[in-house]
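2 protein chains.
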Amino acid sequence: MTATSELDDSFHVFDTTLRDGAQREGINLTVADKLAIARHLDDFGVGFIEGGWPGANPRDTEFFARARQEIDFKHAQLVAFGSTRRAGATAAEDHQVRALLESGAEVITLVAKSHDRHVELALRTTLDENLAMVADTVSHLKAQGRRVFVDCEHFFDGYRANPEYAKSVVRTASEAGADVVVLCDTNGGMLPAQIQAVVATVLADTGARLGIHAQDDTGCAVANTLAAVDAGATHVQCTANGYGERVGNANLFPVVAALELKYGKKVLPEGRLRETTRISHAIAEVVNLTPSTHQPYVGVSAFAHKAGLHASAIKVDPDLYQHIDPELVGNTMRMLVSDMAGRASIELKGKELGIDLGGDRELVGRVVERVKERELAGYTYEAADASFELLLRAEVERRPLKYFEVESWRAITEDRPDGSHANEATVKLWAKGERIVATAEGNGPVNALDRSLRVALEKIYPELAKLDLVDYKVRILEGVHGTQSTTRVLISTSDGTGEWATVGVAENVIAASWQALEDAYTYGLLRAGVAPAE
Amino acid sequence: MTATSELDDSFHVFDTTLRDGAQREGINLTVADKLAIARHLDDFGVGFIEGGWPGANPRDTEFFARARQEIDFKHAQLVAFGSTRRAGATAAEDHQVRALLESGAEVITLVAKSHDRHVELALRTTLDENLAMVADTVSHLKAQGRRVFVDCEHFFDGYRANPEYAKSVVRTASEAGADVVVLCDTNGGMLPAQIQAVVATVLADTGARLGIHAQDDTGCAVANTLAAVDAGATHVQCTANGYGERVGNANLFPVVAALELKYGKKVLPEGRLRETTRISHAIAEVVNLTPSTHQPYVGVSAFAHKAGLHASAIKVDPDLYQHIDPELVGNTMRMLVSDMAGRASIELKGKELGIDLGGDRELVGRVVERVKERELAGYTYEAADASFELLLRAEVERRPLKYFEVESWRAITEDRPDGSHANEATVKLWAKGERIVATAEGNGPVNALDRSLRVALEKIYPELAKLDLVDYKVRILEGVHGTQSTTRVLISTSDGTGEWATVGVAENVIAASWQALEDAYTYGLLRAGVAPAE
Numbered sequence: 007m008t009a010t011s012e013l014d015d016s017f018h019v020f021d022t023t024l025r026d027g028a029q030r031e032g033i034n035l036t037v038a039d040k041l042a043i044a045r046h047l048d049d050f051g052v053g054f055i056e057g058g059w060p061g062a063n064p065r066d067t068e069f070f071a072r073a074r075q076e077i078d079f080k081h082a083q084l085v086a087f088g089s090t091r092r093a094g095a096t097a098a099e100d101h102q103v104r105a106l107l108e109s110g111a112e113v114i115t116l117v118a119k120s121h122d123r124h125v126e127l128a129l130r131t132t133l134d135e136n137l138a139m140v141a142d143t144v145s146h147l148k149a150q151g152r153r154v155f156v157d158c159e160h161f162f163d164g165y166r167a168n169p170e171y172a173k174s175v176v177r178t179a180s181e182a183g184a185d186v187v188v189l190c191d192t193n194g195g196m197l198p199a200q201i202q203a204v205v206a207t208v209l210a211d212t213g214a215r216l217g218i219h220a221q222d223d224t225g226c227a228v229a230n231t232l233a234a235v236d237a238g239a240t241h242v243q244c245t246a247n248g249y250g251e252r253v254g255n256a257n258l259f260p261v262v263a264a265l266e267l268k269y270g271k272k273v274l275p276e277g278r279l280r281e282t283t284r285i286s287h288a289i290a291e292v293v294n295l296t297p298s299t300h301q302p303y304v305g306v307s308a309f310a311h312k313a314g315l316h317a318s319a320i321k322v323d324p325d326l327y328q329h330i331d332p333e334l335v336g337n338t339m340r341m342l343v344s345d346m347a348g349r350a351s352i353e354l355k356g357k358e359l360g361i362d363l364g365g366d367r368e369l370v371g372r373v374v375e376r377v378k379e380r381e382l383a384g385y386t387y388e389a390a391d392a393s394f395e396l397l398l399r400a401e402v403e404r405r406p407l408k409y410f411e412v413e414s415w416r417a418i419t420e421d422r423p424d425g426s427h428a429n430e431a432t433v434k435l436w437a438k439g440e441r442i443v444a445t446a447e448g449n450g451p452v453n454a455l456d457r458s459l460r461v462a463l464e465k466i467y468p469e470l471a472k473l474d475l476v477d478y479k480v481r482i483l484e485g486v487h488g489t490q491s492t493t494r495v496l497i498s499t500s501d502g503t504g505e506w507a508t509v510g511v512a513e514n515v516i517a518a519s520w521q522a523l524e525d526a527y528t529y530g531l532l533r534a535g536v537a538p539a540e
Numbered sequence: 007m008t009a010t011s012e013l014d015d016s017f018h019v020f021d022t023t024l025r026d027g028a029q030r031e032g033i034n035l036t037v038a039d040k041l042a043i044a045r046h047l048d049d050f051g052v053g054f055i056e057g058g059w060p061g062a063n064p065r066d067t068e069f070f071a072r073a074r075q076e077i078d079f080k081h082a083q084l085v086a087f088g089s090t091r092r093a094g095a096t097a098a099e100d101h102q103v104r105a106l107l108e109s110g111a112e113v114i115t116l117v118a119k120s121h122d123r124h125v126e127l128a129l130r131t132t133l134d135e136n137l138a139m140v141a142d143t144v145s146h147l148k149a150q151g152r153r154v155f156v157d158c159e160h161f162f163d164g165y166r167a168n169p170e171y172a173k174s175v176v177r178t179a180s181e182a183g184a185d186v187v188v189l190c191d192t193n194g195g196m197l198p199a200q201i202q203a204v205v206a207t208v209l210a211d212t213g214a215r216l217g218i219h220a221q222d223d224t225g226c227a228v229a230n231t232l233a234a235v236d237a238g239a240t241h242v243q244c245t246a247n248g249y250g251e252r253v254g255n256a257n258l259f260p261v262v263a264a265l266e267l268k269y270g271k272k273v274l275p276e277g278r279l280r281e282t283t284r285i286s287h288a289i290a291e292v293v294n295l296t297p298s299t300h301q302p303y304v305g306v307s308a309f310a311h312k313a314g315l316h317a318s319a320i321k322v323d324p325d326l327y328q329h330i331d332p333e334l335v336g337n338t339m340r341m342l343v344s345d346m347a348g349r350a351s352i353e354l355k356g357k358e359l360g361i362d363l364g365g366d367r368e369l370v371g372r373v374v375e376r377v378k379e380r381e382l383a384g385y386t387y388e389a390a391d392a393s394f395e396l397l398l399r400a401e402v403e404r405r406p407l408k409y410f411e412v413e414s415w416r417a418i419t420e421d422r423p424d425g426s427h428a429n430e431a432t433v434k435l436w437a438k439g440e441r442i443v444a445t446a447e448g449n450g451p452v453n454a455l456d457r458s459l460r461v462a463l464e465k466i467y468p469e470l471a472k473l474d475l476v477d478y479k480v481r482i483l484e485g486v487h488g489t490q491s492t493t494r495v496l497i498s499t500s501d502g503t504g505e506w507a508t509v510g511v512a513e514n515v516i517a518a519s520w521q522a523l524e525d526a527y528t529y530g531l532l533r534a535g536v537a538p539a540e
């Protein structure tokens with residue numbers, strides 16, 4: 007369980023995804039989830055992983071027991087979270103404090119009250135007894151050989167209400183031996199200028215080593231964390247992807263990226279920053295939330311450019327149009343193919359797909375024209391890479407990629423007097439010289455079409471069995487003429503190792519879905535390396 | 007088109023959702039969408055709404071023409087966005103500049119280069135000519151009686167590369183008569199401390215009135231905007247929900263909330279801040295993106311408390327556990343164990359619809375339960391007032407409002423070998439004791455159903471002839487299982503004097519559309535004063 011990292015102790019990246027992050031509405035972690043996340047965080051290279059509150063619930067107790075046995079931490083130290091002792095007793099005889107020691111964690115975070123009203127209202131004890139609780143619990147744990155960090159809950163609100171008392175809690179913790187005293191903006195209402203001023207004053211007045219724990223209720227948690235560092239804090243508490251109660255916590259990834267790339271401060275082990283995007287997405291998978299497409303640094307849109315006007319300049323010097331090289335955080339630049347697209351962005355996009363268009367001005371011109379024409383009709387290729395690749399290949403080869411030739415299809419949706427619905431579809435097509443007619447039912451007309459297409463093709467292309475429709479989006483364009491508008495459908499398909507998006511546009515949702523389905527299956531066969539039919 | 011607002015000119019809230027926000031990957035706005043968003047933003051009370059780049063594309067040109075005719079702005083002034091003139095010509099003869107004047111907008115934002123490398127590489131002109139382009143274009147537009155704001159693109163990167171040149175662009179714009187010079191962090195790589203230092207220096211050195219335009223690539227756009235205000239900027243450019251290129255722009259809602267609630271600065275007309283949550287969600291509906299549950303101030307989780315530990319203290323004094331009263335921004339506190347939302351808002355809503363529920367606790371309770379149950383299933387009544395009113399009346403009368411009883415319906419979509427599609431629907435229903443079977447064709451299955459329902463009912467209810475479907479939106483909920491997700495359809499219907507929205511939710515788009523259509527016609531008949539059938 008001991009970390010053997012090159013990280014020095016002068017600056018702490020402290021992750022609390024497993025404790026505070028788990029407070030997010032909709033997150034519910036099993037012990038296995040917590041172990042998986044702990045491995046990812048250690049792999050990323052944080053110095054401290056707060057694992058939960060052992061003794062407070064059986065799941066956290068089990069997590070600490072299993073983490074000690076099952077995880078060979080490369081970088082991180084595991085931290086147990088708990089509270090100062092109860093009022094009117096001693097730390098040595100407090101069950102909750104004992105459970106912290108029994109967790110085996112070498113580092114313990116103690117939450118302490120530092121807002122006078124909270125001491126009176128929530129703890130229901132005196133201001134003096136609260137100080138005694140802090141001093142006693144810290145010294146007891148230190149005497150047992152643990153490192154101790156003290157989280158001063160509601161510190162910034164408390165400082166506004168009673169600055170002297172708030173500072174006396176910091177001083178008491180520090181004098182009792184706390185290694186770091188963490189100032190928490192528990193309600194998340196602060197702005198960077200306030201954080202910076204308070205941290206600077208507390209540092210000057212107490213001399214304690216300070217940390218920061220910011221919640222994102224004003225949308226400033228990352229900036230508040232950095233403001234505290236500017237004022238002298240040397241310990242930052244964050245959560246992966248900003249998960250946390252209410253709006254969330256300071257997001258680990260932009261905080262670390264700013265410290266490394268903007269401050270030039272080494273806070274991760276060598277080479278780990280490049281894993282940022284991968285680890286952000288992997289943790290999102292474990293907690294079962296879709297990774298935010300627009301998250302700073304790591305979102306799939308974070309370095310996506312609608313080229314048009316600037317594409318030629320981007321080709322000469324991409325750094326003029328992005329604040330960092332996306333590879334530094336393991337992300338990639340993407341050119342969005344949009345109706346503003348010009349030659350340069352099509353060439354860049356071709357390169358990204360491994361199709362060299364270099365030099366062939368006539369070909370690139372044809373592709374640009376085709377994209378413009380199709381986007382005018384309602385297609386969008388920025389969200390449908392696979393359909394764009396099929397279009398590009400069709401222009402390169404001067405004929406569309408065809409694995410099958412559809413003769414006709416039909417979908418019927420029927421409402422029954424009992425309120426249930428029947429959906430049935432029939433597809434007639436040719437593949438490898440064979441005429442196939444297939445019928446299938448589904449829970450909607452598109453689902454029925456999807457199934458009938460599968461039934462028709464799987465005999466000839468068994469590769470299709472692996473394909474799975476994972477997302478389906480409908481957008482009505484120029485929606486001012488009711489159901490006479492144009493309909494655009496985007497479909498995401500997965501084969502278990504990758505995902506691709508296709509687009510269809512037509513005067514109605516069924517026909518648009520059909521187009522997107524045809525592209526989805528065609529691209530799936532291309533990806534599987536199947537040779538197209540003659 | 008002239009705004010008659012109580013807003014004074016000393017501080018500008020400038021929204022660029024329709025121009026810069028529309029750059030977000032996945033957003034594709036129709037003219038109707040842009041008009042709808044402009045109405046919401048004006049309703050919210052921003053001072054300026056940047057509508058797009060007239061002349062650069064036909065959609066934006068049409069938007070300006072229609073906005074002038076169709077929207078009676080209460081607070082906002084409409085702003086046209088464009089560029090300084092081309093190199094080597096005069097502003098007076100520049101087509102693009104002329105299109106800005108022809109848009110009729112009283113306020114014009116001009117984008118200007120302020121980074122020396124961008125002048126050379128993207129504009130391909132000299133640094134001096136760039137200054138001449140700024141001076142000439144600003145003076146020309148001022149001479150035509152327009153207010154002019156100048157966006158200095160890539161200002162902060164440019165300032166780092168060549169501070170003297172960057173400042174000379176600000177000085178040139180200001181001396182030529184620009185009302186505000188906006189410093190843009192176009193690549194979004196800045197942190198608050200840097201923004202604050204640069205804005206303060208530029209203000210001291212040029213004396214120009216300064217604005218700030220921040221992108222969110224470091225996760226600090228809100229803080230960067232506030233840092234600029236701290237340093238003396240008096241004009242903030244934001245987008246609703248932070249929509250924008252790459253990661254996005256500074257989010258209008260937390261910026262305005264911070265200015266009003268943390269700075270105590272009146273930047274919205276009286277009483278508008280309470281509309282923040284509603285307007286944030288309404289705009290998300292128009293752009294067809296799910297509102298972020300964790301957005302500061304307006305997310306449904308923004309004031310959600312996991313009760314447990316603190317429940318009693320929260321009951322005594324909720325302000326100890328939240329940074330603001332959520333009602334200030336139109337949001338509500340939620341206890342995650344027992345949802346307390348409901349009663350009051352249902353009563354208010356009833357009053358708004360002219361249905362007095364006052365006092366009847368049991369009835370209000372039933373409506374709350376019914377709404378909760380339906381919203382859990384995917385219905386949304388915030389965007390479907392007419393369906394809500396039908397639900398409310400059904401609970402008041404203890405039976406649904408029925409003008410007709412549907413026996414069954416069927417829709418067929420067929421693809422023909424020639425690539426055309428046939429859509430046919432049949433409806434069987436009872437109205438005023440008569441059984442009617444009607445069949446109709448349409449350009450899609452929903453259109454065919456709509457027409458067959460009309461054919462069936464118009465003989466009995468001639469009032470329906472006036473009804474027109476004006477908008478149709480589809481949203482796939484929980485879209486992680488492909489076509490097996492739940493589908494929500496919103497339909498807007500007009501009778502020439504008013505418009506109403508209805509909602510349907512089902513396992514497929516046809517069945518969901520049918521529900522929304524049934525509500526749309528039922529509500530249309532209610533509005534027309536037709537007595538329900540027995």
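Protein sequences, first through last, are from chains A and B.
To convert, count from 1 in the first sequence and add 6; that's the numbering used here.
To convert, count from 1 in the second sequence and add 6; that's the numbering used here.
Beta carbons are placed, not taken as given, at the ideal position from N, Cα and C, and that holds for glycine.
This structure is a prediction, so every number in the text was calculated from the model and none was measured.
- Segments of 4+ residues assigned as alpha helix (DSSP H) that fall wholly inside the stretch 275-314 of chain B: 282-293
- Message: Just to confirm my understanding: we take A141 (chain A), look at its own chain, exclude 5 residues before and 5 after, and list those with CB closer than 7 Å. What are they?
- Response: Here residue 141 (chain A) refers to the residue found at position 135 when the first sequence is read from its first residue. Excluding positions up to five away in sequence, the list reads T178 and A182.
- Message: For the stretch 159-167 of chain A against the stretch 189-197 of chain A, do three or more pairs of beta-carbon atoms, one drawn from each stretch, fall closer than 8 Å, so that the two count as touching?
- Response: yes
- Task: Measure the beta-carbon distance from L398 (chain B) to V374 (chain B) and round it to whole angstroms, keeping in mind my assumption that it falls under 8 Å.
- Result: Position 392 of the second sequence, counted from the first residue, corresponds to residue 398 (chain B). Position 368 of the second sequence, counted from the first residue, corresponds to residue 374 (chain B). Contact doesn't hold; Cβ gap of about 11 Å is too wide.
- Message: List, from N- to C-terminal side, the beta strand (DSSP E) runs of 3 residues or more that fit wholly inside the stretch 190-265 of chain A.
- Response: 216-220 and 241-244
- Does the distance from the CB of A526 (chain B) to the CB of R494 (chain B) come in under 8 Å? In the second sequence, counting from the first residue as 1, residue 526 (chain B) sits at position 520. In the second sequence, counting from the first residue as 1, residue 494 (chain B) sits at position 488. Cβ atoms of A526 (chain B) and R494 (chain B): not closer than 8 Å.
- Which residue's Cα is closest to the Cα of E108 (chain B): B:Y385, B:V85 and B:K465? Here residue 108 (chain B) is taken as the residue at index 102 of the second sequence, counted from 1. The candidate whose alpha carbon is nearest that of E108 (chain B) is B:V85.
- Rounded Cβ spacing between L407 (chain B) and P538 (chain B) (contact assumed at less than 8 Å): As a position in the second sequence, residue 407 (chain B) is number 401, starting the count at 1. As a position in the second sequence, residue 538 (chain B) is number 532, starting the count at 1. Sure, about 5 Å apart at Cβ, within 8 Å.
- Residues of chain A with a CB under 9 Å from the CB of H329 (chain B): which are they? Stepping through the second sequence from its first residue, residue 329 (chain B) is reached at position 323. Simply D163, D191, N193, G194, G195, M196, Q221, D223 and T224.
- Answer yes or no: does any C-beta atom of chain B fall closer than 8 Å to that of I289 (chain A)? For the purposes of this step, residue 289 (chain A) is taken as the residue at position 283 of the first sequence. So no, I289 (chain A) is outside the interface.
- Quick one: which chain B residues come within Cβ less than 8 Å of L127 (chain A)? In the first sequence, residue 127 (chain A) corresponds to position 121, counting from 1. Within 8 Å Cβ-Cβ: A319, V322, D323 and L326.
- Determine the chain C residues that contact V242 (chain B) at a beta-carbon separation under 8 Å, and present them in chain order. The chain inventory of the structure shown lacks chain C, comprising the protein chains A and B.
- Starting from L232 (chain B), find everything on chain A with Cβ-Cβ shorter than 7 Å and list it in chain order. Reading the second sequence from its first residue, position 226 is the one you call residue 232 (chain B). In chain order: L197.
- Item | Any chain A beta carbon closer than 8 Å to W506 (chain B) | Position 500 of the second sequence, counting from 1, holds the residue named residue 506 (chain B). It does not; no Cβ of chain A falls within 8 Å.
- Message: Measuring only the C-alpha atoms, how far is F309 (chain A) from T115 (chain A)?
- Response: For the purposes of this step, residue 309 (chain A) is taken as residue 303 along the first sequence, with counting starting at 1. For the purposes of this step, residue 115 (chain A) is taken as residue 109 along the first sequence, with counting starting at 1. Taking the straight line from one Cα to the other gives about 37 Å.
- Assign Q200 (chain B) to one of two classes, buried (16 or more other C-beta atoms within 10 Å of its C-beta) or exposed (fewer than that). In the second sequence, the residue the question calls residue 200 (chain B) occupies position 194. Q200 (chain B) is buried by the Cβ-count criterion.
- Query: Does the beta carbon of I516 (chain A) come closer than 8 Å to any beta carbon on chain B?
  - Reply: The residue labelled residue 516 (chain A) in the question sits at position 510 within the first sequence. Taking Cβ atoms only, chain B reaches closer than 8 Å to I516 (chain A), which makes this a yes.
- On the DSSP bridge assignment, give the partners of F155 (chain B) in chain order. Residue numbering aside, residue 155 (chain B) sits at position 149 when the second sequence is read from its first letter. For F155 (chain B), which the question treats as bridged, DSSP gives the partners B:T115 and B:V186.
- Give me the Cα-Cα distance between L382 (chain A) and V370 (chain B), rounded to the nearest whole angstrom. Your numbering for residue 382 (chain A) matches position 376 in the first sequence. Your numbering for residue 370 (chain B) matches position 364 in the second sequence. Answer to the nearest angstrom: the Cα atoms are 49 Å apart.
- Looking at C-alpha atoms only, which residue of B:E281, B:F394 and B:Q29 is the closest neighbour of V509 (chain B)? For the purposes of this step, residue 509 (chain B) is identified with residue 503 of the second sequence, where counting begins at 1. Out of B:E281, B:F394 and B:Q29, B:F394 has the C-alpha closest to the C-alpha of V509 (chain B).
- What's the C-alpha gap between V154 (chain B) and E76 (chain B)? Position 148 of the second sequence holds residue 154 (chain B). Position 70 of the second sequence holds residue 76 (chain B). Answer to the nearest angstrom: the Cα atoms are 24 Å apart.
- Message: If I measure Cβ to Cβ from L209 (chain A) and keep anything under 6 Å in the same chain, skipping five residues before and after, which residues do I get?
- Response: What you label residue 209 (chain A) is simply residue 203 of the first sequence in a count that begins at 1. Excluding sequence neighbours, L209 (chain A) sits near L216 and G238.
- Query: With DSSP run on the structure shown, which of helix, strand or coil describes K268 (chain A)?
  - Reply: Here residue 268 (chain A) refers to the residue found at position 262 when the first sequence is read from its first residue. Looking at K268 (chain A) - three-state DSSP - the assignment turns out to be helix.
- Report yes if the CB atom of V433 (chain A) is closer than 8 Å to the CB atom of W415 (chain A), and no otherwise. Stepping through the first sequence from its first residue, residue 433 (chain A) is reached at position 427. Stepping through the first sequence from its first residue, residue 415 (chain A) is reached at position 409. Contact flag set, yes.
- Query: Buried or exposed: G248 (chain A), going by 16 or more other Cβ atoms within 10 Å of its Cβ?
  - Reply: Position 242 of the first sequence, counted from the start, is the residue given in the question as residue 248 (chain A). By the neighbour-count rule (16 or more Cβ atoms within 10 Å), G248 (chain A) is buried.
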